[in-house]
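J.: One structure follows; several queries about it will come next.
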Amino acid sequence: MKKRIGFYPRVRVEGGGRGVVSQAGVVLLVETIRKSGLDAAISAGLAPWRKPRAVHDPGKILLDVALTVALGGDCLADVAMLRAEPGVFGPVASDPTVSRLIDTLASGGRRTLTAIRAARAEVRDRVWKLASEVAPDAGGQVIVDIDGVLVLAHSEKQDATATWKKTFGHHPLMAFVDHGPGGSGEPVAGRLRPGNAGSNTASDHIHTAQLALAQLPKTYQRGRQTLIRTDSGGGTHEFVAWLAQRGRWLSYSVGMTLTDAIHQAVLKVPPSAWTPAVEPDGEVRDGAWVAEVDGDCLTSWPKGMRLIVRKERPHPGAQLRITDADGLRLTCFATNTVDVPIASLELRHRQRARAEDRIRSARATGLRNLPLQDTAQNQIWLEIVQLALDLLAWMPMLALTGKARRWEPRRLRFRLFSAAAQIITTARRRCLRFARHWPWTDVITDALERLQTLPNPG
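Here the sequence shown is numbered in this note's numbering, starting from 411 and rising by one per residue.
Written out as structure tokens, the structure reads:
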């Protein structure tokens with residue numbers, strides 16, 4: 411009997427293979443670009459930056475980098491991954507050409523950012539209409555979460571400074587549309603800031619909210635169908651006043667810092683006013699209660715603002731704060747929503763935690779590090795990251811069903827995008843033939859069929 415050595419079979423390895431495409435599953439994102447019209451929109455938006463006799467379209471170059479980031483790339487040079495597969499991705503610009511375009515777009519300043527963002531907003535409107543049954547507005551309301559992200563820098567870069575967590579890097583402020591429990595989310599704003607930018611800077615929150623609203627279909631730029639949701643970083647007088655001035659247009663749910671005045675008001679709430687908190691399935695949450703606070707602590711805040719407080723038993727081992735009371739952890743938020751039970755409002759605000767999932771996905775999609783030197787260049791990189799995240803959100807909306815719609819970028823890459831295929835030409839048509847034994851081949855082919863049945867743009 412022949413003795414077996416090791417756990418894995420030994421195979422002979424050699425180069426020179428032909429007709430095999432690695433990362434072939436990315437054709438799902440390519441088809442999403444085509445059906446959404448993102449290629450045409452970006453190309454038209456960046457037309458002013460295309461030089462005469464240029465071989466490569468600026469829009470194509472930017473989308474190639476976005477596809478690279480969606481695949482897990484973290485620098486411009488990773489676009490070589492696409493360049494190696496011209497049969498699927500077409501002609502891909504060289505590294506120097508890509509770098510020159512980023513420099514050119516960065517020098518364009520706000521004009522460039524406006525062009526890219528306008529193209530994304532135009533395509534977002536179309537994608538939501540195509541995916542009307544699962545789009546973020548399917549429930550009649552769009553929820554936008556605003557939150558800060560710490561991005562570490564391991565070298566001296568423009569505006570990289572010490573952060574409030576005593577790290578070193580940048581502190582961009584992001585906004586994401588929440589797709590709810592049935593999906594993930596998509597970015598609608600990204601404002602690059604120095605590392606020492608404050609968490610409570612009202613002007614940054616206002617600007618980010620404006621950018622986010624501009625990304626939404628016009629129906630949701632005004633009207634109570636849109637909810638702006640933030641943590642306590644947005645709980646400033648200036649930002650809440652800005653939201654309140656648009657009271658007819660916007661709903662808000664903003665975390666608040668528990669000040670001494672609020673704390674004293676909470677202590678005066680009678681026991682009968684406390685309502686049990688609820689879970690998403692409607693079940694009562696044991697050990698947690700909510701109540702609405704009224705009194706002098708709200709006199710300096712905008713008219714119509716409601717303050718809702720939650721008290722709960724702390725987790726075992728958790729240390730109480732000076733603002734807690736009777737051994738219970740206290741938190742609060744402000745909202746202008748009426749005619750809804752306060753337990754439902756508190757649950758809605760607590761679901762803001764899904765923004766942390768969006769941030770985790772962003773870190774896994776190019777936002778773990780800003781690879782360029784200048785702030786203007788890194789702002790373009792941030793727009794590329796948002797393009798990549800858009801594609802990773804739109805493709806599941808348009809093509810995937812069931813649990814696959816909730817897959818985060820890393821799982822999409824592992825199960826779908828990493829699939830290899832054989833490229834063949836038959837009847838003058840190019841065809842990708844995925845391996846029959848790959849566990850998720852049916853998911854890929856079914857998704858492609860759904861994308862191909864969608865109407866072409868234009």
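Even glycine gets a Cβ: it sits at the ideal position worked out from N, Cα and C.
So, is His-725 buried or exposed, given that buried needs 16 or more other C-beta atoms within 10 angstroms?
T.: exposed
J.: If you draw a straight line from the C-alpha of Asn-779 to the C-alpha of Thr-442, how long is it?
T.: Each residue's alpha carbon lies about 26 Å from the other.
J.: Are the CB atoms of Ala-845 and Pro-830 within a distance shorter than 8 Å?
T.: Here residue 830 turns out to be Ala, not Pro, going by the sequence shown. Against a cut-off of 8 Å, the Cβ pair of Ala-845 and Ala-830 comes out as a contact.
J.: Determine, using beta carbons only, whether Ser-565 and Ser-771 come nearer to each other than 8 Å.
T.: Not in contact: Ser-565 and Ser-771 (Cβ atoms no closer than 8 Å).
J.: Please classify Ile-718 as buried or exposed, where buried requires at least 16 other C-beta atoms within 10 Å of its C-beta.
T.: buried
J.: Which same chain residues end up closer than 6 Å to Phe-499 when comparing Cβ atoms and leaving out the 5 residues on each side of it in sequence?
T.: Leu-492
J.: Return the residue from the list Arg-825, Asn-866, Leu-792 that minimises the CA-CA distance to Cys-485.
T.: Leu-792
J.: Tell whether a beta-carbon distance below 8 Å holds between Arg-639 and Asp-555.
T.: yes
J.: Output the residue ranges of the beta strand (DSSP E) runs that lie fully inside the stretch 535-601 and measure 3 residues or longer, sorted by chain position.
T.: 552-558, 578-580, 583-588, 595-601
J.: So the beta strand (DSSP E) Gly-497 belongs to, where does it begin and stop?
T.: Where Gly-497 is concerned, there is no enclosing beta strand (DSSP E), although the alpha helix (DSSP H) it sits in stretches over 496-499.
J.: Under the three-state reduction of DSSP, which class applies to Arg-422: helix, strand or coil?
T.: Under the three-state reduction of DSSP, Arg-422 is assigned to coil, being neither helix nor strand.
J.: On the criterion of 16 or more Cβ atoms from any shown chain inside 10 Å, does Trp-574 qualify as buried, or is it exposed?
T.: exposed
J.: Taking the CB atoms as reference points, tell me whether Asn-895 and Ala-654 lie closer together than 8 Å.
T.: In the structure as shown, the chain begins at 411 and stops at 868. Residue 895 is therefore absent and cannot be evaluated.
J.: Can you find a C-beta in chain C that's less than 8 Å from the C-beta of Gly-483?
T.: Structure shown: chain C not included; a single protein chain is present.
J.: Rounded to the nearest angstrom, how far is the Cβ of Ile-672 from that of Leu-472, given a contact under 8 Å?
T.: Actually they do not touch by this definition, with Cβ atoms about 47 Å apart.
J.: Does the separation of the CB atoms of Leu-602 and Val-552 fall below 8 Å?
T.: no
J.: If you drop the 5 nearest sequence neighbours on each side, which residues of the same chain put their C-beta closer than 7 Å to that of Ala-765?
T.: Asp-555, Asp-557, Phe-586
J.: Alpha carbon to alpha carbon, what distance is there between Thr-851 and Arg-840?
T.: 18 Å
J.: Smallest Cα separation from Ser-363: which of Ile-526, Ser-754, Asp-749, Thr-669?
T.: The requested residue 363 is not part of the displayed model; the chain covers only 411 to 868.
J.: Compute the distance between the beta-carbons of Ala-675 and Gly-644, then report whether it is under 8 Å.
T.: no
J.: Return the chain-ordered ranges of every alpha helix (DSSP H) run that is complete within the stretch 640-674 and spans a minimum of 4 residues.
T.: Counting only runs that start and end inside the stretch 640-674, the alpha helix (DSSP H) elements of at least 4 residues fall at 647-655.
J.: Tell me, please, which residues DSSP counts as bridged to Cys-841.
T.: Ile-834
J.: Of all the options Ile-769, Arg-815, Thr-785, Arg-821, which has the alpha carbon lying nearest to the alpha carbon of Gln-796?
T.: Ile-769
J.: Name the DSSP beta bridge partners of Ala-698, please?
T.: Glu-722
J.: Taking 8 Å as the threshold (C-beta atoms), are Val-561 and Leu-777 in contact?
T.: yes
J.: The alpha helix (DSSP H) spanning Pro-806 covers which residue range?
T.: From DSSP, the alpha helix (DSSP H) with Pro-806 extends over 785-809.
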